[in-house]
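Student: Protein chains in written order, with this note's numbering: chain A, 1 to 504; chain B, 1001 to 1504.
2 protein chains.
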Amino acid sequence: MGKEASRKLEWRINVSDGVSERLEPETGAILRAWTWFKRLMLGGFILKICKFLEKAWNLAVDEPKKVIHGLKVGLAISLVSLFYYMRPLYDGVGGNAMWAVMTVVVVFESSVGATLGKCINRAIGTFLAGSLGVGVHWIAFHSGKNLEPIVLGISLFLLASAATFSRFMPTIKARFDYGIMIFILTFSLVSVSGYRVDKLLELAQQRLSTIAIGASICIIISMLFCPMWAGDELHLLICQNLEKLAHSLDECVVEYFRHNKTSTAKDEACSKKMKGYRCALNSKATEELKANFARWEPAHGRFSFRHPWKQYLKIGASIRNCAYCIETLHGCVDSETQAPPHLKRHLNNICMRLSSSSSNVLQELAFALKTMKQSSKINLSVGEMNFAVQELKHALISLPNHNISIKNPSPSTVEASGNCNTEPITSIRASSSFMEILPLATLASLLIENAAKIEVIVNGVNELAVLAEFKPTTDNKKSKSNQSPKKLTSENQDPETVKIPQKV
Amino acid sequence: MGKEASRKLEWRINVSDGVSERLEPETGAILRAWTWFKRLMLGGFILKICKFLEKAWNLAVDEPKKVIHGLKVGLAISLVSLFYYMRPLYDGVGGNAMWAVMTVVVVFESSVGATLGKCINRAIGTFLAGSLGVGVHWIAFHSGKNLEPIVLGISLFLLASAATFSRFMPTIKARFDYGIMIFILTFSLVSVSGYRVDKLLELAQQRLSTIAIGASICIIISMLFCPMWAGDELHLLICQNLEKLAHSLDECVVEYFRHNKTSTAKDEACSKKMKGYRCALNSKATEELKANFARWEPAHGRFSFRHPWKQYLKIGASIRNCAYCIETLHGCVDSETQAPPHLKRHLNNICMRLSSSSSNVLQELAFALKTMKQSSKINLSVGEMNFAVQELKHALISLPNHNISIKNPSPSTVEASGNCNTEPITSIRASSSFMEILPLATLASLLIENAAKIEVIVNGVNELAVLAEFKPTTDNKKSKSNQSPKKLTSENQDPETVKIPQKV
């Protein structure tokens, strides 16, 4: 080692005092830096890949459906590639096997509805554009040698422009976006390539048949092996959002009235539950997409061909309205100003009753949707919720008096009203309690508003039950509680003209 | 006419009393019904087409950019079709002109970022899959005649499955979804068609060059003729949402305190303004899409290549949070329970001041974003808003006392507190005013919460100003008001320890 080192070339510089100084081996330093950099990069790269694989693994464990979709696509492509391997098949489609492969890759989507929609779009788009292309080509051919490219060029420009613009129309975009793209593609290929290829019709027929082969492979595989129906997913999404709202509402109010706010493992689970409503906040795009796909799907399971998917969007919108309310409610829970304990105790039970009856309604709705049966208890639950609303209103009406009488039996109140000079003192006392009451009052008022919004969801689900002809429940085992039927009457009470209960 | 009628065949039936009755000419009725039905259908169809055209016309008038995009696509396709018409060009790409047309149709999107992203995705996907396909083909070729299709089939199945699964990963989906699809497509075509075509490399080179031609036509046209930058659109969207929030907030509070609620034409305009916040509620998907596209865009206008587009998403999220709050506020305005006029009068000015100062902050932010300059007045505006929050809190603290003293100078209060037996009377009197106060209290509390949420937006915009290096404003002409600087100090006041002003 020592010998090797002594053999190395050294750079020396003559310094002013006559002594030469050894220059630092910079190239060595650069080399080392480079090695270090390379290792770091490689390490970073490997680390990134590891993280990516870990994420992929987690995704696969969480949603095995996505792995299954991957395998289905692999299977479809392997199947369609047989057209290349087997000479009779290859010759059968006149060397156009490429179009079958392309169709499979482009058309195969994760849900049956999306795949079917794309297949139908592709078929119709290809057919229409093909016919139109042949027509335009015929006209161009008969308008003379000189005019031919002009006619073709102008028709191509006009049709492509108009079709592209039409893709911006919301109704077209929702259902036929892909079809229009295929229309433009096919029309350009047919009208232009027709300029060279004379056997236009034969070519068109071959392409259509290969597309049909690819499309049918896609449809068969996506419908036969673990089919994933967009309709099922939409249905499940709405049910889950209802349940999440119910949990969030419950947890939110429980959290507000909790005495001991220490963070334990259980609390974290609660806080996760509490934030469940956020899924509903941003699910609009997903719901619309799934509803669009679901409309292409044939009858399957409990859903008929013309299942009212649009009604799900209405229900989704009213769920979102409710979620906005819970989002604001959530703000109350996190609020720094907290009502004094005795006040909280006063409203604790009744707020909890309202929130639990509200979440009960939501869960009833979720259950009714899940089983697709008319809930026999929904009217009872709504009645209970409305009764709780009235109770809360009464409790609020009795609040200021109650509050003062609990905390300050009489002296200061008597003094204050007996003597006008002491008014500022009462003002501060009474008012400080009012200011403290504010978040609690907001919570109560939001709970009341939320109940009204839940009734909109109930109406939406009832409409769906009529449209989709939900069967009435015959099973009475599942009724969890024995509510007294007289509570139902409160449903019809006018909130404005309600009487104050005697005990207040 | 009469003759013709008499010549018609008649169906007669023998009725029990020996007289034959003439049967109604059902076929004629059916025919008439059919004609009527046909006319109706045709009319309906024509009506539908007319409606569609009207909608298209309105869309074109509202957003001429979309028409321009259509014309650009038409131009690009016409240009690329020249490769078919002109023999030297056609021969130059070895008859593969089809791929150039296909590239243009598939890749041309309305924003530059989306087009660029797709082009880059297509290029990288094609290149990677092509190389890998050739590699796999080489391995298969050298593993013997029998093993060749097995090696190819298995590699195709595995790669297609894995690649399809990877499209579900959020990070991949956001930026490389299209690239992965092209990867699968090219890999299948290359690895499988390689089984037949020996001139694989030549073919790959020709396809790459045609794709390059198509892509460059798209990029040039989309960037040179009226370019539509996704970044610009995102920037504008955020600015507009800020402005809409400001208007909604203002209108909401004005509407609540309006005395005369009759619906006139002006009111309708107001109500439209009031609902502007709803655009912000559902813009998440659009914002994410545009931010993803914007990241592909080169430096343009005031935006550098690495403009912090992600920060816009953060600002968008906090705007949405604010919009949820305004949605609940909107519920208060529509609420049936209205606070008594004297109470409203008490809080009218201060609520209006808070809402207008809040909306002022939002408009300042929108202006700062629009001009991309650090606002010199934003701190002042935020200070004003916080001062208004404190004022509102004081007003709320003084409310119950104020309320009672205005409406009922002393008699019943004295009676009530002097004599315990009359307590129920006070309870109802005082409490009824509390119940009436509830929506007003909720409004106030939501306005206070909203101010806190606006501060989050302010922080988001400030971060953006640092990241994107906004220039400080030098223009002092635009300062509208001469606020006293001491108002700024209220910003630092702790809301919990605030003192009650002397005059209360």
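Heads up, the beta-carbon is just placed ideally off N, CA and C, and yes, glycines get one too.
Name, going along the chain, the residues of the region 40-72 of chain A whose beta-carbon falls closer than 9 Å to a beta-carbon of chain B.
Tutor: Phe52, Lys55, Ala56, Leu59, Ala60, Glu63, Lys66, Val67, His69, Gly70, Leu71, Lys72
Student: Would the beta-carbon of Gln1374 of chain B fall within 8 Å of that of Thr1473 of chain B?
Tutor: Here the question's residue 1374 of chain B lines up with position 374 in the second sequence. Here the question's residue 1473 of chain B lines up with position 473 in the second sequence. Pairing Gln1374 of chain B with Thr1473 of chain B gives a Cβ-Cβ distance under 8 Å.
Student: What in chain B is Cβ-close to Leu392 of chain A, meaning under 7 Å?
Tutor: In the first sequence, residue 392 of chain A corresponds to position 392, counting from 1. Near Leu392 of chain A there are no residues of chain B at all, since even the closest Cβ is about 11 Å away, more than 7 Å.
Student: What residues of chain B sit near Tyr312 of chain A, judged by a beta carbon separation below 9 Å?
Tutor: On the first sequence, residue 312 of chain A is found 312 positions in, with the first residue counted as 1. Correct list: empty, because the minimum Cβ distance to chain B is about 17 Å.
Student: Excluding the 5 residues preceding and the 5 following Ile1068 of chain B in the sequence, name in chain order all residues of the same chain whose CB lies nearer than 6 Å to its CB.
Tutor: Your numbering for residue 1068 of chain B matches position 68 in the second sequence. Here the set comprises Cys1226.
Student: Can you list the residues of chain A that Gly1460 of chain B reaches, using a CB-CB cut of under 8 Å?
Tutor: Here residue 1460 of chain B is taken as the residue at index 460 of the second sequence, counted from 1. Under the 8 Å cutoff, chain A gives no residues; its nearest Cβ is about 18 Å from Gly1460 of chain B.
Student: With DSSP as the reference, please indicate the residues paired to Pro1298 of chain B in a beta bridge.
Tutor: In the second sequence, the residue the question calls residue 1298 of chain B occupies position 298. DSSP output for Pro1298 of chain B lists no bridge partner at all.
Student: For Asn1349 of chain B and Leu1237 of chain B, what's the separation of their Cα atoms in angstroms?
Tutor: Taking the first residue of the second sequence as 1, we reach residue 1349 of chain B at position 349. Taking the first residue of the second sequence as 1, we reach residue 1237 of chain B at position 237. So the two alpha carbons sit approximately 32 Å from each other.
Student: Taking 8 Å as the cut-off, does the region 206-220 of chain A touch the region 111-130 of chain A (at least 3 CB pairs, one atom from each stretch)?
Tutor: yes
Student: Closest to Leu249 of chain A by C-alpha separation, out of A:Gly301, A:Glu63, A:Glu297, A:Thr328, would be which residue?
Tutor: Here residue 249 of chain A corresponds to residue number 249 of the first sequence, with the count starting at 1. The shortest Cα separation from Leu249 of chain A among A:Gly301, A:Glu63, A:Glu297, A:Thr328 belongs to A:Thr328.
Student: Taking a contact to mean a Cβ-Cβ separation below 8 Å, would you say Val1461 of chain B touches Leu1369 of chain B in this structure?
Tutor: Position 461 of the second sequence, counted from the first residue, corresponds to residue 1461 of chain B. Position 369 of the second sequence, counted from the first residue, corresponds to residue 1369 of chain B. Contact: yes.
Student: Using DSSP with H/G/I as helix, E/B as strand and the rest coil, what is Phe225 of chain A?
Tutor: As a working note, residue 225 of chain A is residue 225 in the first sequence. Looking at Phe225 of chain A - three-state DSSP - the assignment turns out to be coil, as it is neither helix nor strand.
Student: Given a cut-off of 8 Å, decide if Ile1319 of chain B and Ile1457 of chain B are closer than it, judged by their beta-carbon atoms.
Tutor: Taking the second sequence and counting its residues from 1, one reaches residue 1457 of chain B at position 457. Taking the second sequence and counting its residues from 1, one reaches residue 1319 of chain B at position 319. For Ile1457 of chain B and Ile1319 of chain B, yes; Cβs fall inside 8 Å.
Student: Are the region 159-166 of chain A and the region 1073-1088 of chain B touching by the rule of at least three beta carbon pairs closer than 8 Å?
Tutor: yes
Student: Starting from Pro1064 of chain B, trace the alpha helix (DSSP H) in both directions and tell me its first and last residue.
Tutor: Counting from 1 along the second sequence, the entry for residue 1064 of chain B is found at position 64. Taken as a continuous stretch (DSSP letters only), the alpha helix (DSSP H) holding Pro1064 of chain B covers 1064-1085.
Student: For Ala299 of chain A, which residues of its own chain have a beta-carbon under 7 Å away from its beta-carbon, when the five flanking residues on both sides are left out?
Tutor: The residue given as residue 299 of chain A occupies position 299 in the first sequence. Only Phe305 meet the Cβ criterion.
Student: Helix or strand or just coil, what does DSSP make of Phe187 of chain A?
Tutor: In the first sequence, residue 187 of chain A corresponds to position 187, counting from 1. Residue state, collapsed to three classes: helix.
Student: Taking Cβ-Cβ distances shorter than 9 Å, what residues in chain B pair up with Pro439 of chain A?
Tutor: In the first sequence, counting from the first residue as 1, residue 439 of chain A sits at position 439. Here the neighbours are Ser1445.
Student: Against chain B, which members of the region 214-238 of chain A pass a CB distance test of less than 9 Å?
Tutor: none
Student: DSSP on Phe1303 of chain B, reduced to helix/strand/coil?
Tutor: Position 303 of the second sequence holds residue 1303 of chain B. Note: Phe1303 of chain B maps to strand in three-state DSSP.
Student: Taking the alpha helix (DSSP H) that Asn103 of chain A belongs to, which residues open and close that run?
Tutor: Counting from one through the first sequence, the residue named residue 103 of chain A turns up at place 103. It should be pointed out that residue 103 of chain A corresponds to Thr in this sequence rather than to Asn. 97-107 is the span of the alpha helix (DSSP H), which, as asked, contains Thr103 of chain A.
Student: Can you pull out the residues from the region 1319-1334 of chain B whose beta carbon lies closer than 7 Å to at least one beta carbon of chain A?
Tutor: Of all residues in the region 1319-1334 of chain B, Tyr1324, Cys1325, Glu1327, Thr1328, Gly1331 have a Cβ within less than 7 Å of some Cβ in chain A.
Student: What does Ile1077 of chain B touch in chain A if you count any residue whose Cβ is under 8 Å from its own?
Tutor: By one-based count along the second sequence, residue 1077 of chain B stands at place 77. Residues of chain A passing the Cβ test: Leu156, Phe157, Ala160, Ile184, Ser188.
Student: Along chain B, which residues have their Cβ under 9 Å away from the Cβ of Phe141 of chain A?
Tutor: Within the first sequence, residue 141 of chain A is the residue found at index 141, counting from 1. The contacting residues do not exist; Phe141 of chain A stays about 14 Å from chain B at best.
Student: Please check if any C-beta of chain A sits within less than 8 Å of the C-beta of Phe1165 of chain B.
Tutor: Residue 1165 of chain B sits at position 165 when you count from the first residue of the second sequence. Cβ-Cβ to chain A under 8 Å: yes for Phe1165 of chain B.
Student: Between Ser81 of chain A and chain B, is the shortest Cβ-Cβ distance under 8 Å, so that the two count as touching?
Tutor: Position 81 of the first sequence holds residue 81 of chain A. Yes, Ser81 of chain A counts as interfacial toward chain B.
Student: Can you give me the Cβ contacts of Trp296 of chain A inside the same chain, cut-off strictly under 6 Å, excluding the 5 residues immediately before and after it?
Tutor: Within the first sequence, residue 296 of chain A is the residue found at index 296, counting from 1. Counting only Cβ-Cβ distances below 6 Å, and skipping sequence neighbours, we find Gly113, Leu116, Gly117.
Student: Look up Pro472 of chain A in the DSSP assignment and give the residues it is bridged to.
Tutor: For the purposes of this step, residue 472 of chain A is taken as residue 472 along the first sequence, with counting starting at 1. Note: Pro472 of chain A sits in a beta bridge opposite A:Gln374.
Student: Around the C-beta of Val61 of chain A, are 16 or more other C-beta atoms found within 10 angstroms, so that it is buried, or is it exposed?
Tutor: Start at 1 with the first residue of the first sequence, and residue 61 of chain A comes out as number 61. Result: exposed.
Student: Are the CB atoms of Glu255 of chain A and Cys270 of chain A nearer to each other than 8 Å?
Tutor: Counting from one through the first sequence, the residue named residue 255 of chain A turns up at place 255. Counting from one through the first sequence, the residue named residue 270 of chain A turns up at place 270. Yes, Cβ-Cβ distance for Glu255 of chain A and Cys270 of chain A is below 8 Å.
Student: Once the 5 residues before and after Gly1214 of chain B are set aside, which same chain residues still bring their CB inside 8 Å of it?
Tutor: As a first step, residue 1214 of chain B is located in the second sequence; it is residue number 214 there, counting from the start. So the list reads Val1080, Trp1099, Ala1100, Val1101, Met1102, Thr1103, Val1104, Val1107, once near-sequence residues are dropped.
Student: Under 8 Å between C-beta atoms, does Glu1202 of chain B make it to chain A?
Tutor: Residue numbering aside, residue 1202 of chain B sits at position 202 when the second sequence is read from its first letter. Not one chain A Cβ lies under 8 Å of Glu1202 of chain B.
Student: Can you list the alpha helix (DSSP H) stretches of 4 or more residues lying completely in the region 1326-1400 of chain B, in chain order?
Tutor: The qualifying runs are 1341-1371, 1378-1397.
Student: Can you have a look at Thr1171 of chain B and say buried or exposed, based on whether 16 or more other CB atoms are within 10 angstroms of its CB?
Tutor: For this step, residue 1171 of chain B is matched to residue 171 along the second sequence. It is exposed - the Cβ of Thr1171 of chain B has fewer than 16 other Cβ atoms within 10 Å.
Student: Going by C-alpha to C-alpha distance, which of A:Ser358, A:Val382, A:Ala323, A:His307 sits closest to Ala468 of chain A?
Tutor: If you number the first sequence from 1, residue 468 of chain A lands on position 468. Taking only the C-alpha atoms, the option nearest Ala468 of chain A is A:His307.
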